[in-house]
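Enquirer: Below is one structure. I have some questions about it.
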Amino acid sequence: MSRLASAVRHASLAFTAAVGLCASTACVGSNDDLGGADQVGSDESLVEGAGADSGGHTEGGGTGGPGTTFFGSDHEIAWLMDTFAAAELGHCQTAQNLVGGGEVLGFSGRMIHYYTGAAARYDALFTQIGVTPAGSAHCHEFMDDAELLFTGVGATSGSTYAHAYLDGQIALHLAMLDLIDTHMLPHVHDDMLRGEVTGMRWAMLRHRIDAEFIVCTMGGTSMEVCGQHAAASWAADPMAAEHYPGGYDGNGHGGNGYGGGYGGGGYDGGNGHGGNGHGCTP
């Protein structure tokens, strides 16, 4: 799993460093749950607001990403998006059948809602811009490696399954964020597709932080501390820091970043809630 494993290891170190930074600066907050975050602004709205954040790239723009070019055309990017959505729907539908209830059931349900809508948007967009999904060897390699993260997970049950499923989701989203930043955004040609990829990126970040929060609370850590970790993870994200500063003020409240911060009011680290924006730039 060379490509995927490398991305996961790199991003995991960044998250660990962010958590340590939060602890050392004594972040504060309350014991409220994260559950309300999904009720304010939708993942779809992140995509709707993404086009304005494309940086004014024109068709054919973007050279970038270290090493070999991963994507040679928008057809390959479209294939990866489509295939990733289908794979995630499968993983999350399996979770719905194997998890009895609680936060993991809610998380997988939210993921199904997002990817069902995303798949429909992708199909409509690809038709509109005349892009036919076609995967390259690199694309197939990435998705094959992604499936390995969930190998054997379905054979477990109870809390063992819940932990394995969430660990797989976190690793997969870390890798996808790296792929988007390193290869997809630098090499996408069509502006409308770029907007969708940008929206996808913010959804990946949100889902990853949600999964990390649940794992944190399952380990017996208080929701207050887990909320602080979530806020630190948001603050450590390179694109959030570069494009949407002020998204977290250290006290569990968002500033004036992306849509006013994560979810509109910032990623509320102490209270575990997003704000009430719609993913638009301020």
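Residue numbers (mature numbering (1 follows the signal peptide of the UniProt record, and there is no 0)): -28 to -1, 1 to 254.
Beta carbons: idealized from backbone N, C-alpha and C, even for Gly.
Determine the direct distance from the alpha carbon of methionine 115 to that of aspartate 139, and round the result to whole angstroms.
Expert: 17 Å
Enquirer: Does valine 169 come out as helix, strand or coil in the three-state DSSP assignment?
Expert: DSSP places valine 169 in helix when its eight states are reduced to three.
Enquirer: Extract the residue ranges of the beta strand (DSSP E) inside the segment 61 to 133, only unbroken runs of 3 or more that lie entirely within it.
Expert: none
Enquirer: Name the residue from Gly171, Arg178, Met172 and Trp51 whose alpha carbon lies nearest to the alpha carbon of histidine 110.
Expert: The shortest Cα separation from histidine 110 among Gly171, Arg178, Met172 and Trp51 belongs to Trp51.
Enquirer: Do three or more CB pairs link the segment 152 to 168 to the segment 123 to 143 at distances below 8 Å?
Expert: no
Enquirer: Within a Cβ cutoff of 7 Å, which residues of the same chain sit near valine 125, ignoring the five residues on either side of it in sequence?
Expert: Tyr133, Ala136, Tyr137 and Gly140
Enquirer: By alpha-carbon positions, which one of Trp206, Gly72 and Ser205 ends up nearest to serine 131?
Expert: Gly72
Enquirer: What beta strand (DSSP E) runs, 3 residues minimum, are completely inside the segment 154 to 205?
Expert: none
Enquirer: Taking one C-beta from the segment 88 to 103 and one from the segment 198 to 212 each time, how about it: are there three or more such pairs within less than 8 Å?
Expert: no
Enquirer: Find the nearest neighbour of glutamate 119 within the set Arg173, Arg93, Ser129 and His63, judged by alpha-carbon distance.
Expert: Ranking the options by Cα distance to glutamate 119, first place goes to His63.
Enquirer: Could you say which of Ala183, Met190 and Ala143 lies nearest to methionine 83 if we only look at CA atoms?
Expert: When each option's Cα is compared against that of methionine 83, the closest is Ala183.
Enquirer: Just the C-alpha distance for glycine 78 and methionine 176, rounded to the nearest angstrom, thanks.
Expert: Spanning the alpha carbons of glycine 78 and methionine 176 requires a straight line of approximately 17 Å.
Enquirer: Tell me which residues share the same chain as serine 108 and place their Cβ nearer than 7 Å to its Cβ, disregarding the 5 neighbours each side in the sequence.
Expert: Gly44 and Glu48
Enquirer: Taking the Cβ atom as the reference point for each residue, do phenylalanine 42 and histidine 155 lie within a distance shorter than 9 Å?
Expert: yes
Enquirer: Here's a check: name, in chain order, each residue in its chain whose Cβ is nearer than 6 Å to the Cβ of alanine 91, leaving out the five neighbours to either side.
Expert: Ala57
Enquirer: If you run the structure through DSSP and keep just helix, strand and coil, what is phenylalanine 43?
Expert: coil
Enquirer: Tell me whether histidine 112 is buried or exposed, calling it buried when 16 or more other Cβ atoms sit within 10 Å of its Cβ.
Expert: exposed
Enquirer: Going by C-alpha to C-alpha distance, which of Tyr94, Ala127, His145 and Phe185 sits closest to aspartate 117?
Expert: Closest option to aspartate 117, Cα to Cα, is His145.
Enquirer: Closest to aspartate 150 by C-alpha separation, out of Ala127, Gly89, Trp174 and Thr128, would be which residue?
Expert: Trp174
Enquirer: Pull up the distance between the alpha-carbon of glutamate 60 and that of alanine 127, whole angstroms please.
Expert: 18 Å
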